[in-house]
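The structure appears below as structure tokens.
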Amino acid sequence: MTPIIHPDFKLNGKSFTYVELLAEAIFLKNNGSLFEKSIGKFLIDWLSNESFILVKTSGSTGKPKQIVLQKDAMIASAKATVNFFKLQPKSTALLCLSADYIAGKMMLVRAITFGLHLDTVEPSSNPLNEINKSYDFVAMVPMQIKESLEKLNQIKTLIIGGAKVDYQLSKEILKTNCNAYETYGMTETISHIAVKKIGEKSFSILPNIVISKDERNCLVIEAKELSDEKIITNDIVELISNEEFIFKGRFDHVINSGGVKIFPEEIEEKLAKHIFNRFFISSLPDEKFGEKVILVIEGSSFQIDTTIFSELSKYEIPKEILFISQFTETETNKINRKKTLENRA
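Here the UniProt record's numbering is used: position 61 in the sequence shown is 61, and no number is missing along the way.
So, in structure tokens, the structure goes:
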């Protein structure tokens, strides 16, 4: 297939024909900086006659792997996002994520296919640092937002992925004029299939998505434009309606303590108001209960005021607190809970 390049598409202020964009891609791959090489490599793949591309998963739930994504499905995903956020040809967008992964690739697909004016900047913890212009549409991870709070007013619509938006960060985002949305999705769903406005509790699905639950109460996604098969996730959800769900936690994170099922993510949400270091809830083997709940905090040890546990049920209260100087992360800067515990001194 020969990909369509929208006549209004611009990359860093320049318009391109197919031949010109391919030449730019080859130049970036051969001569660009590290992040520009990634953009160049993806553009070469996108502009090829192949009907698919190979994409790396992030490795947040296991080893990173390569999967095949159909270009038609990527265009369908881009269309759903563009329509949901009412983006128009010539809407301005910023790419500040690596084009090695799906979130960065999809910013390029949306721009090329639907005529966005896309600027690129090297991915960093503070991507807006030297940017003084405003954008209609930007995608970031929470770490970048924490360093960019003073400049969020330069963004009309912000989508956030890669990790959960915690309570403290939500509070700071709500002080700005930016319309920010937490996203739900994975590489297999070609970026996000649902969004949740910051401050709200439930995710709303994008058009042409059907959701249900399996016997584990995990989300099942049917998206015929994105995948021929049902996508069975490990994410435990509460279905509010055919179009809304609340994320409760990952099936592989659930703790069974004395027969009681405990969701670490629900405990983390309650504790996020009180703990300002990075932290997570996990478990360790326990002779009496099988598993015991533990609180793992990044950094040097300090005294914990136990009143922070007042919102927790007796089963949710951590039986042990571990301090670990530095958490182990995946390639995309998510906390790798399993490896962090395995690597602790």
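Using N, Cα and C, we set each Cβ at its ideal position, and we do this for glycine too.
Predicted, not measured: the structure shown is a model, and the values here were computed from it.
Assigned secondary structure, residue i (DSSP; H/G/I helix, E/B strand, else coil)
i    : result
I112 : helix
Y101 : coil
V19  : helix
A78  : helix
K65  : coil
S60  : Residue placement at S60 is flagged as unreliable, the pLDDT there being 48, under the threshold of 50; the coordinate-derived value follows with that caveat. S60: coil per DSSP, three-state reduction.
R337 : helix
I44  : helix
P142 : helix
N277 : coil
T330 : coil
P3   : coil
Q88  : coil
Q70  : strand
A194 : strand
D286 : strand
N242 : coil
S170 : helix
A25  : helix
K10  : strand
T233 : strand
E268 : helix
Whether residue i touches residue j by CB criterion (7 Å)
i    : j    : result
S257 : F302 : no
P123 : L97  : yes
G199 : L219 : no
I190 : L226 : yes
T92  : Y135 : yes
L28  : E36  : yes
A78  : V109 : yes
T187 : V55  : yes
A111 : F9   : yes
H117 : K90  : yes
A25  : G13  : no
E147 : V165 : no
Own chain, CB closer than 7 Å to residue i, minus 5 neighbours either side, in chain order
i    : result
E269 : Y167
M143 : S125, N333
V210 : E222
S282 : P264, I294, V296, R337, L341
P285 : E291
A139 : L97, A103, M107, I159, G161
E172 : L149
N277 : I297, E298, G299
T113 : I4, H6, I75, A78
Residue environment, residue i, which counts as buried when at least 16 other CB atoms sit within 10 Å
i    : result
A23  : exposed
S300 : exposed
P7   : exposed
L94  : buried
Q66  : exposed
G115 : buried
Y18  : exposed
K196 : buried
D228 : exposed
D235 : buried
K105 : buried
E20  : exposed
Q326 : exposed
G259 : exposed
I128 : Note that residue 128 corresponds to Leu in the displayed sequence, not to Ile. Result: buried.
I4   : exposed
L34  : exposed
8 Å contact criterion, which residue i and residue j should meet: CB distance rounded
i           : j    : result
V293        : E316 : 6 Å
I193        : C178 : Actually they are not in contact, since the Cβ atoms of I193 and C178 sit about 22 Å apart, beyond 8 Å.
residue 379 : E150 : Since the first and last residues shown for the chain are 1 and 345, residue 379 lies out of range.
Q70         : S48  : The Cβ separation is near 13 Å, so there is no contact.
L312        : I275 : That pair is no contact at about 13 Å.
I240        : I231 : 20 Å between Cβ atoms; not a contact.
Contacts around residue i, its chain only, beta-carbon distance under 6 Å, and the 5 residues preceding and following it disregarded
i    : result
D100 : S38
N208 : E225
K339 : T328
N217 : I236
L11  : L118
N343 : T328
Contacting residues, own chain, Cβ-Cβ under 8 Å from residue i (five flanking each side not counted)
i    : result
T61  : For T61, the predicted model reports a pLDDT of 46, less than 50, meaning its position is unreliable; a value from the coordinates is still stated below. Once the five neighbours on either side are set aside, the close Cβ partners of T61 are N234, R250, D252.
K213 : L219, V220, V237, L239
G185 : G161, S191, H192, I193, A194
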